[in-house]
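Here is the structure we will look at, set down as structure tokens.
There are 4 protein chains.
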Amino acid sequence: MVQLGANRYGKAEVRVLRVARGAAAGGGDLIRDWNVSTSLSGDLAATHLTGDNSGVLTTDTQKNTVYAFASRLGAVEPEVLGLDLAAHFVTSQPQISRARVTVEEYGWDQIGDAGHSFARNGTLTRVARVVHDATGGASVVAGIDGLTVLNTTDSEFWGFPRDEYTTLAETSDRILATEVSARWRYRAPDADWAAAFAGARQALLDAFSQTYSYSLQQTLFAMGSRMIAEVPAICEVRLSLPNKHHYLVDLAPFGLANDREVYYPGDRPYGLIEGTALADDAPDPGPAWD
Amino acid sequence: MVQLGANRYGKAEVRVLRVARGAAAGGGDLIRDWNVSTSLSGDLAATHLTGDNSGVLTTDTQKNTVYAFASRLGAVEPEVLGLDLAAHFVTSQPQISRARVTVEEYGWDQIGDAGHSFARNGTLTRVARVVHDATGGASVVAGIDGLTVLNTTDSEFWGFPRDEYTTLAETSDRILATEVSARWRYRAPDADWAAAFAGARQALLDAFSQTYSYSLQQTLFAMGSRMIAEVPAICEVRLSLPNKHHYLVDLAPFGLANDREVYYPGDRPYGLIEGTALADDAPDPGPAWD
Amino acid sequence: MVQLGANRYGKAEVRVLRVARGAAAGGGDLIRDWNVSTSLSGDLAATHLTGDNSGVLTTDTQKNTVYAFASRLGAVEPEVLGLDLAAHFVTSQPQISRARVTVEEYGWDQIGDAGHSFARNGTLTRVARVVHDATGGASVVAGIDGLTVLNTTDSEFWGFPRDEYTTLAETSDRILATEVSARWRYRAPDADWAAAFAGARQALLDAFSQTYSYSLQQTLFAMGSRMIAEVPAICEVRLSLPNKHHYLVDLAPFGLANDREVYYPGDRPYGLIEGTALADDAPDPGPAWD
Amino acid sequence: MVQLGANRYGKAEVRVLRVARGAAAGGGDLIRDWNVSTSLSGDLAATHLTGDNSGVLTTDTQKNTVYAFASRLGAVEPEVLGLDLAAHFVTSQPQISRARVTVEEYGWDQIGDAGHSFARNGTLTRVARVVHDATGGASVVAGIDGLTVLNTTDSEFWGFPRDEYTTLAETSDRILATEVSARWRYRAPDADWAAAFAGARQALLDAFSQTYSYSLQQTLFAMGSRMIAEVPAICEVRLSLPNKHHYLVDLAPFGLANDREVYYPGDRPYGLIEGTALADDAPDPGPAWD
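Chains as they are written, first to last, in our numbering: chain A, 1 to 290; chain B, 291 to 580; chain C, 581 to 870; chain D, 871 to 1160.
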């Protein structure tokens, strides 16, 4: 016999541009550019087993709810949108015991001083992710995706074990580059979201720039621990760092030296380093990472 | 104070084409086209905390090991490659307590009867995923990605709750389409991998085609339970099914009827339905899904 | 002073699924899965210079027209849809002197014998592209995108010039692989489109498989000339063939031989070979390639 | 009989990171992050017709040449790299009569004041494209890709013709958004490349921001003509502007007003507006756009 195991459902990638007219400091417009995904779980056996949808708040309704809340809340921090939406689904639908709302936010820079013109800033994607559990309440994870950083020096890699398949040479100076995917958990669902995000981003960049690195793992832990140290609202940081290898080109056949000047970035394969920094007094995560 | 939490590292997307010359039934070549990712975990605190790499089997070595094993093993089923690689890392490196090896395999069809000409078949990607744990041993998960299927009828959707944000009309006939991402767990790390894969794929397609559907959740569970029923080596199936909405175009403004003939597929947003079918007697997964 | 130069505008990527219920041989459904782009040019100076839109048939209207024609025409060959749409725009809008309609068609295979279940076949994308000119009439180009083919042998590469930057070794046996992008021009806007497409595809595959190759350029011309020879309705073939390099892995450091068995496919850079085969008696293309 | 028509070949997407150590104003490093593609044409019939490669400077050699020139030239403007490479191929290979070199350059911003830390700036990709013809000499085209801009107001769209397929409502206030792909031709292969690029980019942004728009075509021509007016070295601008539609969400079913506040961006279909601004005294382009 076969039973139903873990399940959830929702609407993915609801795109919203929220314009707050005249709300900027100088009287111009503010915009928030969001990509919202919702996911609900609870007592959903009937639809799986018999196609009885009496407990299925449709994903179309979830989409409409995103639009309505974006309208009511205004151009708020993405964590606020996530908190209100996730609470709404759990409190309004008795059969839903847990809701996860993920908001990706894309940044825009003003063009000139017209107050209504913007250029999309592709440096990073901001992420806010809220889980609201019927019994445990809300938890908030924030993050960064797509932030590519590079150090031209201050990175060594040596002292690793050599087995029969090892051909890599040790190096005392290499390019270190990665595309940061970071997620951090807040101690409580209540913080100065904008300031915490800015602080986390700055701590991550500072740690990357200022760490003399012997491995990407070391740089990873330096990032995570600095974020926790500098932003007290954060209790845990998870990082996923592809090692974007840059290989020194062999120019000797052409009679040219190459003293760390000409590299080719490789696409695949790449190293992938994943790790966690955790405050000693971090509260239990509950379903925060669900 | 900040401590090191869960971590792992490896080489991602090592591409390999393995040619077995003359190994095909008619004397032609066999090819296996793989994308292999390895990930190791264990006692890796030193590199994170101090940059001491004495326990870090480099990701470059992991890549070399993939090539060497592909050479030694031949054009085997991808599960065999994963099992041997994962066991190798754990048994040869005392500080590594767990290895995960994921193999994506891309299919190719013969062109004509030359025996050496092939066209890539883009219908699906086959996945094999092995976790070898120092104490628990090996577990095998297989899967399918990118298989897009569509029913032109035999799909209804009605009887769902209506709240203040619900505008969706009920329907007794809609297009049902999804891009299947499936993963299934084997009871033991020993099976007829090719036959089990073929059986799982066929059961999934049959269930999709033959289920009169009242919700994508119902179709999901029908797929998973049929795979378990028809392939005894499988004890658990996890499916992630985006609902690729097809909307009936309103042709009334042009004086045209549209009796389920002209649809436009939407890109975003999409529903996302995730669920699990589990055999009643499924053994504990241990780290199989790690 | 600055003047307005060449310009055109249209709607890109109008997705349409056309279902012809009960139209298949056995009584099941036929489906056509299209991605249609329209582009119009003519006397459009006013909107560019002053924002006067009195001559601008909106791109929204173009989209609606695509849906309406898909409804009226049925599950026809994509060339037919392109011919009728392109003619419509030019003949109904006096200020439009030329219309280009491009249709991408995605293939689907039946699942089982239910008659309403399909799986998307990702082997290639079929392309049809019609230009209708007010004075010159219609011309038709068809094509294939995304068809990846590979020969495990029968490919050499040697005899090339060596300059101060040349390091490549000659080879008498290499993998030859490419992702075919082909476009071919028909002599007249009237052919058995399905048969011509099938014949062109088969001639291309046969030429790839049966040509003992000394360069990808040679294979390219063999493909194009065979397509013209075998499908009389075709007078010109343009091919764009990325050389998907497969490098033999050096296994010597591990004490392993590698007699053409283990390769790694590279992502970038890749060779890119572009060329044309033209029938001696090909008519003037006019704006066919516009 | 079938003859060989137009053809060319080269190496695409040669990735290069050029580090100029200590070359920045404050003593830090400068970096140039390039993606270089080369394409050669000339007397290449032999390889197509018989596989005789005696005139085929290999694409591998072309790749090596890119690396060597990047080494010799340093962290120069991308136009300089393109000019030197294109001239080299034509002057050193008698059978090559024309070379095209395209350089994409990705921007990086400094992190802090370390002098060796950078974050990739994803706002736009800079393009430089040189064609060197054996008889006509060099011509230079530069460009921008991936610059996404948006106006929250000052955009109307009305006065367009209405036919039987027109359903679009007129609007006196809409979001105007596009992802700019621009290419501009220089009068001569000699300019202050950095200043010209900066001026062109600024003129484009200013025109987008300051034009009260009645159509995207009008905005397009305003951009192009302003670039020509403000950067005298430019004689022609070609723009390809997808109209990234933002639709006002209908919130009435939820009892909410929506006075230009909540929009959903659509993915497909999109308008595509292409046009050219040309200085009255622009010299003949020759093969500049080849």
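All residues carry an ideal CB built from backbone N, CA and C; glycine is no exception.
Paired residues, beta bridge with residue i - DSSP
| i | result |
| --- | --- |
| A/Y270 | B/A302 |
| A/F118 | A/Q110 and D/L1020 |
| D/R888 | A/V262 and D/R902 |
| B/S445 | B/S503 |
| D/A1147 | C/L584 and D/V1107 |
| A/E125 | According to the sequence displayed, residue 125 of chain A carries Thr and not Glu. Answer is A/Y106 and A/D145. |
| C/T751 | C/F737 |
CA-to-CA distance, residue j to residue i, given in whole angstroms
| i | j | result |
| --- | --- | --- |
| C/A762 | C/G723 | 5 Å |
| B/Y476 | B/I524 | 4 Å |
| A/Y106 | A/G122 | 8 Å |
| B/G426 | B/T468 | 36 Å |
| C/E854 | D/P1031 | 42 Å |
| A/L124 | A/A198 | 12 Å |
| C/T645 | D/Y1035 | 6 Å |
| D/M871 | C/T733 | 29 Å |
| A/F69 | C/L756 | 55 Å |
| D/T928 | C/R848 | 16 Å |
| B/P543 | A/G115 | 39 Å |
| C/G622 | C/S677 | 5 Å |
| A/E104 | A/Y67 | 15 Å |
| B/H338 | B/L562 | 37 Å |
| D/A1127 | A/L73 | 13 Å |
| A/I348 | A/H132 | Here chain A comprises residues numbered 1 to 290, so residue 348 of chain A is not present and cannot be evaluated. |
| A/E261 | D/R888 | 6 Å |
| D/R1044 | D/L910 | 46 Å |
| C/L727 | B/T328 | 30 Å |
| A/R126 | A/D145 | 7 Å |
| D/L874 | B/R410 | 28 Å |
| A/A222 | A/V180 | 13 Å |
| C/P822 | C/Y850 | 6 Å |
| B/P479 | C/G835 | 30 Å |
| A/G26 | A/D113 | 9 Å |
Endpoints, alpha helix (DSSP H) assigned at residue i
| i | result |
| --- | --- |
| D/N934 | T929 to L943 |
| A/L248 | Run containing A/L248: none in the alpha helix (DSSP H); it sits in the beta strand (DSSP E), H246 to L248. |
| C/G662 | P658 to S672 |
Where residue i sits in the DSSP three-state scheme
| i | result |
| --- | --- |
| B/G341 | coil |
| A/V130 | strand |
| C/F740 | coil |
| C/E684 | strand |
| A/A99 | strand |
| B/G514 | helix |
| A/A138 | strand |
| A/G255 | coil |
| A/T193 | The residue asked about is misnamed: residue 193 of chain A is Trp in this sequence, not Thr. Helix. |
| A/D290 | coil |
N- and C-terminal bounds of the beta strand (DSSP E) containing residue i
| i | result |
| --- | --- |
| C/S547 | Nothing can be reported for residue 547 of chain C: it is not among the residues displayed for chain C, which extend from 581 to 870. |
| B/S329 | L320 to G332 |
| C/L822 | Before going further, note that residue 822 of chain C is Pro rather than Leu in the sequence given. Residues I814 to N823. |
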